[in-house]
Amino acid sequence: MLALAIDWLLHELNQVLTDPSGAGPAVVGGNVAQFDADTADPPLTNKVILSLVNLEEEKTLRNQLPYEEVLRGGERTIEYQAPPAFLNAYLLVSASHGNYRNALRLLGDVVLFFQRRPVFVARNSPGFVLPEGLADARLIVELYSLSFEQINHLWGSLGGKQLPFVLYKCRLLRLEPTQAPLTRKPILQIKTNNAIGEFASPQTAEAIATARQKATGSDTDLSEFLEG
60 MLALAIDWLL HELNQVLTDP SGAGPAVVGG NVAQFDADTA DPPLTNKVIL
110 SLVNLEEEKT LRNQLPYEEV LRGGERTIEY QAPPAFLNAY LLVSASHGNY
160 RNALRLLGDV VLFFQRRPVF VARNSPGFVL PEGLADARLI VELYSLSFEQ
210 INHLWGSLGG KQLPFVLYKC RLLRLEPTQA PLTRKPILQI KTNNAIGEFA
260 SPQTAEAIAT ARQKATGSDT DLSEFLEG
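In the numbering used here, the protein residues as written are 60 to 287.
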């Protein structure tokens, strides 16, 4: 779902943004720290670059049970599986154009695009085909502002070369385990074994038998039983 979300946003952005040079898509996904590297694939120069800079767990959806009771063929079973992880992605949108005016224009177009369309679902993205099982996927993109100190830390971690940029928080990404769940029959009844003496030492078994005899006696004094 993580890579799919990036591809989804890239597809939608490239429907409305045009590369000034006409060479390929206007928006590409990649590590902005490598925007001037010859080895970057795809090339990141003179592009709007969409980069993942942080992932955050959605804490409100953390407490989920690792099992689910299902009914298959009239029989109740318990399926054990790690619960899905719900994440928020922080996406950095940078413009690496040598022409500063083009960089600002395209960055402004990105801001206007997400301002008009902050929610992405299958029905408003007819040109992007979602995989089977993700037809109900939903992305919500919102502008995320940083302080000057945070900006300094962010670009320092990316190599120090700051580009015109805007940061967005994209939620909600759902990552699910791919392995088949472990299936077991449910526990319907619990039986206890009162014959503790059978598994105890002879001394303990004798003490238990004596205590039972006192407890069941008709003329037993409760205080005597507790003290003895």
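The C-beta atom is built at its ideal place from N, Cα and C for all residues, glycine as well.
With H, G and I counted as helix, E and B as strand and the rest as coil, what does DSSP make of residue i?
i: E116; result: strand
i: V188; result: coil
i: N90; result: coil
i: V75; result: coil
i: G167; result: helix
i: A82; result: coil
i: T321; result: As displayed, the chain neither begins before 60 nor continues past 287, which places residue 321 out of reach and without an answer.
i: A162; result: helix
Which residues share a DSSP beta bridge with residue i?
i: A154; result: V107
i: S197; result: The identity of residue 197 in the sequence shown is Arg, whereas the question assumes Ser. Note: R197 sits in a beta bridge opposite V180.
i: V14; result: This structure leaves residue 14 out entirely; the chain is present only between 60 and 287.
i: F298; result: With the chain running from 60 to 287 in the structure shown, residue 298 is simply not present.
i: L217; result: According to DSSP, L217 bridges with nothing at all.
i: L63; result: Looking at the DSSP assignment, L63 forms no beta bridge with any residue, so it has no partner.
i: L202; result: Y227
Just mark residue i as buried or exposed, buried being the case when its beta carbon has 16 or more other beta carbons within 10 Å.
i: H156; result: buried
i: N105; result: buried
i: S110; result: buried
i: E265; result: exposed
i: G218; result: exposed
i: G89; result: buried
i: E116; result: exposed
Please confirm whether any heavy atom of the ligand MG lies closer than 7 Å to the CB of residue i.
i: P84; result: Judged by which ligands are present, the structure shown has none, so any question about the ligand MG falls away.
>> Within 8 Å, do at least three Cβ pairs link the region 188-208 to the region 89-104?
In response: When Cβ pairs closer than 8 Å are counted between the two stretches, the region 89-104 is seen not to touch the region 188-208, the count staying below three.
>> Count Cβ pairs between the region 145-164 and the region 212-231 that sit closer than 8 Å; are there 3 or more?
In response: yes
>> When you compare the region 172-179 with the region 195-211, are there three or more beta-carbon pairs, one atom per stretch, that lie closer than 8 Å?
In response: yes
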